[in-house]
Amino acid sequence: MAQSPTHKFGQIIGELIERPLYEPLLELAKRQGLYLDSKHSRPARGGKNKVAWQDSKGNWHDLDYVLEAGGSEETLGRPKAFIEVAYRRYTKHSRNKAQEMQGAILPLAETYAHDRPFLGVVLAGVFTEGSVTQLRSHGFGVLYFPFASIVAAFQQVGIDAAFDESSSDRDVKRKVIACAKLRQTDWNKIVNHLRHLHRTEIESFLHQLEVSLSRTIQTVFVVALHDRSFEGTTVDDAIHFIEAYDESSAALRFCRYEVNIRYTNGDEVRATFASKLEAIRFLTGLRLPTN
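Mapping of the sequence shown onto the numbering used here: position 82 corresponds to residue 201, and the numbering continues sequentially without gaps.
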């Protein structure tokens, strides 16, 4: 089945929206000593072009950018930031897309909770204020390019990118043909104009990301728990357990290690380990890389 001009033009805009953030992310990654993964053939992914990560349930989720600690072209690192880009022209589609992005990235955040990766989305087109607020309430950093900004950016190269549901296929096809004739310098002009229009928002998004990446450990709290623990359904049960507990007992049986990491930016990671080896492996993974 032939692709409609509207769908094709949407793909063109979607690919465009990935570009304003690429160079700033690359510069930030270099400053932080991280690897920036984006869509390209990477040996660490078996030569696949797509950027995809697997959650704890075995599901794969496509992303646009991932910042990795210890990553390279040949080696997958630990995820420090997951960023997805999405363009939607109409509100009726944007609500579903916001929920879809949430459903894709949050399982990865849970899977790699010990790494506390930054969660970011770049939205473009028409997204409701409610959708943006919902994403932010779940801890996402949000960068938003409204459809009017996209239209203004295309005007810099003489293309009228405005269209709606009443636009004819012929009209939209003319826009697609015009885009096919653009040179790299033209595309750069469009991207640079988007950056100019939303310089403050881009800087804010990158600052939020850098704060997350620059966090350092403030305190490490480790408790080695012995003997039996208690779990009940009422306060009275808990009081009874404490009253009956023999604190002077010498025969204590090791149960687990509980580790609580507090960071300078307010983040907190809690973990429980049944063995000394597991606890040490976890803490070793939190060490800052040495050059």
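C-beta: ideal position from N, C-alpha, C; glycine also.
Source: prediction; values computed, not measured.
Three-state secondary structure (DSSP) at residue i?
i                 : result
glycine 260       : strand
glutamate 387     : strand
glutamate 134     : helix
phenylalanine 373 : strand
threonine 125     : helix
lysine 199        : strand
proline 265       : strand
glutamate 219     : helix
phenylalanine 401 : helix
glycine 239       : strand
valine 185        : strand
phenylalanine 360 : helix
valine 251        : helix
arginine 214      : helix
serine 394        : coil
arginine 381      : strand
isoleucine 338    : The displayed chain sequence assigns threonine, not isoleucine, to residue 338. Strand at threonine 338.
Would residue i pass as a contact of residue j if the rule is Cβ separation under 8 Å?
i                 : j                 : result
alanine 91        : arginine 372      : The structure shown does not extend to residue 91, since the chain is modelled only from 120 through 410, so no value can be given for it.
valine 339        : isoleucine 380    : yes
valine 240        : phenylalanine 259 : yes
asparagine 168    : serine 175        : no
glutamate 192     : proline 162       : yes
phenylalanine 282 : isoleucine 136    : no
lysine 186        : alanine 223       : For the sequence presented, residue 186 should be read as leucine rather than lysine. No. Outside cutoff.
glutamate 397     : leucine 344       : no
aspartate 234     : valine 276        : no
Below 8 Å on the Cβ atoms is my guess for residue i versus residue j; work out the distance and round it to an integer in Å.
i             : j              : result
alanine 171   : aspartate 181  : 5 Å
leucine 254   : valine 261     : 5 Å
alanine 217   : serine 250     : 4 Å
alanine 232   : valine 388     : 7 Å
glutamate 288 : serine 123     : One detail in the question is off: residue 288 reads as aspartate in this sequence, not glutamate. That belief holds up - the Cβ atoms of aspartate 288 and serine 123 are roughly 7 Å apart, short of 8 Å.
proline 236   : alanine 200    : 5 Å
tyrosine 141  : glycine 190    : That belief does not hold up - the Cβ atoms of tyrosine 141 and glycine 190 are roughly 17 Å apart, past 8 Å.
leucine 405   : isoleucine 336 : 7 Å
Open item on the list: Taking 8 Å as the cut-off, does the segment 374 to 387 touch the segment 331 to 339 (at least 3 CB pairs, one atom from each stretch)?
Closed with: yes
Open item on the list: Three Cβ pairs or more, each shorter than 8 Å: is that satisfied between the segment 212 to 222 and the segment 189 to 200?
Closed with: no
Open item on the list: Report the start-end ranges of each alpha helix (DSSP H) in the segment 267 to 335 that is 4 residues or longer and not cut off at the edges.
Closed with: 288 to 299, 303 to 316, 318 to 333, all fully within the segment 267 to 335.
Open item on the list: Taking 8 Å as the cut-off, does the segment 261 to 275 touch the segment 304 to 316 (at least 3 CB pairs, one atom from each stretch)?
Closed with: yes
- [ ] Could you name each continuous beta strand (DSSP E) segment of 3 residues or more that falls completely within the segment 133 to 162, going from the start of the chain to the end?
- [x] 154 to 156
- [ ] Answer yes if the segment 319 to 329 comes into contact with the segment 294 to 301, meaning at least three C-beta pairs across the two stretches below 8 Å, and no otherwise.
- [x] no
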